[in-house]
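The structure appears below as structure tokens.
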Ligand SMILES: Nc1nc2c(ncn2[C@@H]2O[C@H](COP(=O)(O)OP(=O)(O)OP(=O)(O)O)[C@@H](O)[C@H]2O)c(=O)[nH]1
Ligand SMILES: Nc1nc2c(ncn2[C@@H]2O[C@H](COP(=O)(O)OP(=O)(O)OP(=O)(O)O)[C@@H](O)[C@H]2O)c(=O)[nH]1
Ligand SMILES: [Mg+2]
Ligand SMILES: [Mg+2]
């Protein structure tokens, strides 16, 4: 829009506070729900917004929208969005339900860390899914980093144990551990995950540790339940939100950040090796509404 | 189980209504607000919820309902009927080709479960109908996609056709020829995951369709999908004209509102559901069961009897 048109619009449509009626706020609430933010968070955010708009005497739609963006950004600003890789080695365990993008994100992250000058080792901890280790091995080649793997059907704990030993022997900076996709309501698989967590705590007690939950942006309200369960089983230090290159918005991470105080650390924006970016809350929110 | 939470919510909403004798129009609208909330929390598409609630409200505020002595019971019946209608009528099966091999093309977003469930379906067809399926590796992009298909093929003892990283259209054509020559009466094309907004890759699917004229194009959808289900399903349907949907990962605890959304948005039936990672974990989709599950029909029926 040209400057004159903008000026004219601002001049001819001065909004009084009253003219921002319920319809306007309903539309914002609808936009949030369509972005998978969830009913509770959407209602809460809009209630907060009404108060703020009133307190700050906001009368223009765009100003009010910006205030909503502020509120959502605040909700997302929890914890430290950077990875803690302060020890050698440091260990990152990558977990999540089936098909969300764990293995791919590890490939991208390995590439990123290597470019930062770190020596990276991948642990093929998914010994269950067909060709999972082959897939990770291709990513290791692409990123030019080491991998420790065993045969399909091997004990993932044994692979992890080997990887940690190899990391110490080879002076590795970061171990990125892939795990099999598992639904959070499966007790036996969650117990297996808790075991992996314990192996890391035992074998690398002083290492800086990250436990990253990979979440598919197309996931709806179930995402919050996933995050709760994985946090309880393995602890969570961050989230990788994948597939944001589609039309899904991934709004459920706002509810997750709020309830569990776990920050989003990275976003996945495609299937290529460079398609992983640090999370920018403001940018994310601007895409949301 | 999927939908459990939704049925609880609906039950709670109707329990409130049940307390009263006769319902006013305002009562009905109050109950519908809870229905709306429950459906949205179950990830049913915003627009579908809006239409659904409007339709049910209209029917419920009809004179005969409000005048009835047991309006709560009437409303439950109506919600149930409308929901069942939305889920589709009788359960739909795969169509078999009248001549030549039946070609089933698995399509969908990344990670939805195409490869695994294509293989499961091939196994099911062999078990149920004595078919001799062939799995075809048309995903030439995902790292180790071909290996993955070979591994599941081996586990099921079903042959896998692959040509490495060749053109997927060409692979599909050659696979169909191979099937004809080798007595395979069903061909399952495992295509790469793709975004519905990726024009180049959507064009690739159209080209495969034009080249081999599949008997069935099945859209594979993750049951955990949120509001985006409608966008993705509509786009795949518009581009390809899908014949049905395979809903995966129903062994999770997602309420699976996507099932309703997709059905409403495309009008295409859900034909199968995936209920686990193992290769025999696939079932026929039963719309009436799914609708009952949404509404918690067990509870609902006892409630109706008491009302
Ligand atoms: N468009 C897009 N696709 C992605 C992204 N991240 C991963 N994928 C794709 O999603 C699919 C699944 O990715 P994987 O890395 O195999 O997922 P996973 O979580 O390891 O899967 P399992 O090990 O089977 O549980 C693949 O086709 C990836 O290429 C992303 O950010 N955007
Ligand atoms: N729990 C559960 N997992 C499933 C089901 N169907 C598939 N999966 C898992 O979901 C993940 C993705 O499945 P794939 O078959 O590789 O998905 P895809 O659509 O072929 O993925 P791309 O080719 O990368 O697009 C794997 O870990 C599967 O084991 C199911 O019904 N239940
Ligand atoms: Mg994986
Ligand atoms: Mg696949």
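Protein chains in written order, with UniProt numbering: chain D, 1 to 289; chain Z, 1 to 307. Glycine included, every Cβ here is placed at the ideal spot set by N, Cα and C.
- In the DSSP assignment, residue 124/D is bridged to 178/D.
- Inter-residue distance for residue 262/D and residue 196/D is about 21 Å (C-alpha atoms, whole angstroms).
- Counting along the chain, residue 234/Z sits inside the alpha helix (DSSP H) bounded by residues 229-240.
- At least 8 Å separates the CB of residue 178/Z from every CB of chain D.
- With respect to the C-alpha of residue 73/D, the residue from 37/D, 55/D, 106/D and 83/D having the closest C-alpha is 37/D.
- Contacts with chain D at 8 Å (Cβ-Cβ) include residue 252/Z.
- Not flagged as an interface residue toward chain D: residue 283/Z, since no C-beta distance is shorter than 8 Å.
- Shortest gap from the CB of residue 242/D to any heavy atom of ligand 1: under 7 Å.
- Around residue 225/D, the beta-carbon contacts reaching into chain Z at under 7 Å are 253.
- With respect to chain Z, the C-beta atom of residue 216/D has a partner C-beta closer than 8 Å.
- Counting C-beta pairs with one atom in each stretch, the segment 127-135 of chain Z and the segment 238-257 of chain Z have fewer than three that are closer than 8 Å, which means they do not touch.
- For the alpha helix (DSSP H) assignment, the uninterrupted runs of no fewer than 4 residues enclosed by the segment 179-257 of chain D are, from N- to C-terminal side, 187-203 and 222-234.
- For the set 217/D, 157/D, 40/D and 141/D, the Cα lying nearest the Cα of residue 125/D is the one of 157/D.
- Using a Cβ-Cβ cut-off of 9 Å, residue 135/Z is close to nothing in chain D; its nearest Cβ partner there is about 12 Å away.
- Considering only beta carbons, the part of the segment 228-242 of chain Z lying closer than 7 Å to chain D consists of 228 and 231, in chain order.
- For residue 56/D, no alpha helix (DSSP H) run applies, since DSSP gives it neither H nor E.
- Contact between residue 136/Z and residue 220/Z is ruled out by a C-beta separation of about 15 Å, above the 8 Å threshold.
- Closest by C-alpha distance to residue 31/Z, out of 60/Z, 88/Z and 232/Z, is 60/Z.
- It is roughly 32 Å from the alpha-carbon of residue 25/D to the alpha-carbon of residue 214/D.
- In the structure shown, residue 104/D adopts helical secondary structure according to DSSP, grouped into three states.
- Relative to ligand 1, the nearest heavy atom lies less than 7 Å away from the CB of residue 100/D.
- As a beta-bridge residue in DSSP terms, residue 270/Z pairs with 245/Z.
- When the alpha-carbon of residue 163/Z is set against those of 180/Z, 154/Z and 145/Z, the nearest one is in 145/Z.
- Taken through DSSP and simplified to helix, strand or coil, residue 189/Z comes out as strand.
- Boundaries for residue 158/Z: no beta strand (DSSP E) harbours it, and the DSSP string shows neither H nor E there.
- When distances are taken from the beta-carbon of residue 129/D to the heavy atoms of ligand 1, the shortest one is below 7 Å.
- Apart from sequence neighbours up to five positions away, the residues of its chain that approach residue 148/Z with a beta-carbon distance below 6 Å are 115, ordered along the chain.
- If you keep only unbroken beta strand (DSSP E) runs of at least 3 residues inside the segment 78-162 of chain Z, you get 102-108 and 133-137.
- Counted as a single uninterrupted DSSP element, the alpha helix (DSSP H) harbouring residue 161/D occupies residues 156-169.
- CA-to-CA, the gap between residue 142/Z and residue 194/Z works out to about 10 Å.
- Inter-residue distance for residue 110/D and residue 145/D is about 7 Å (C-alpha atoms, whole angstroms).
- Within the segment 27-52 of chain D, those residues whose Cβ lies closer than 8 Å to any Cβ of chain Z are, in chain order, 30, 33, 34, 35, 36, 38 and 39.
- Neighbours of residue 246/D across chain Z, judged by C-beta separation under 8 Å: 109, 195, 196, 197, 228 and 232.
- Residue pairing from DSSP places residue 90/D in a beta bridge opposite 174/D.
- When the five nearest sequence neighbours on each side are left out, the beta carbons in the same chain lying within less than 6 Å of the beta carbon of residue 210/D are those of 83, 92 and 237, in order along the chain.
- Secondary structure at residue 48/D: helix, using DSSP grouped into helix, strand and coil.
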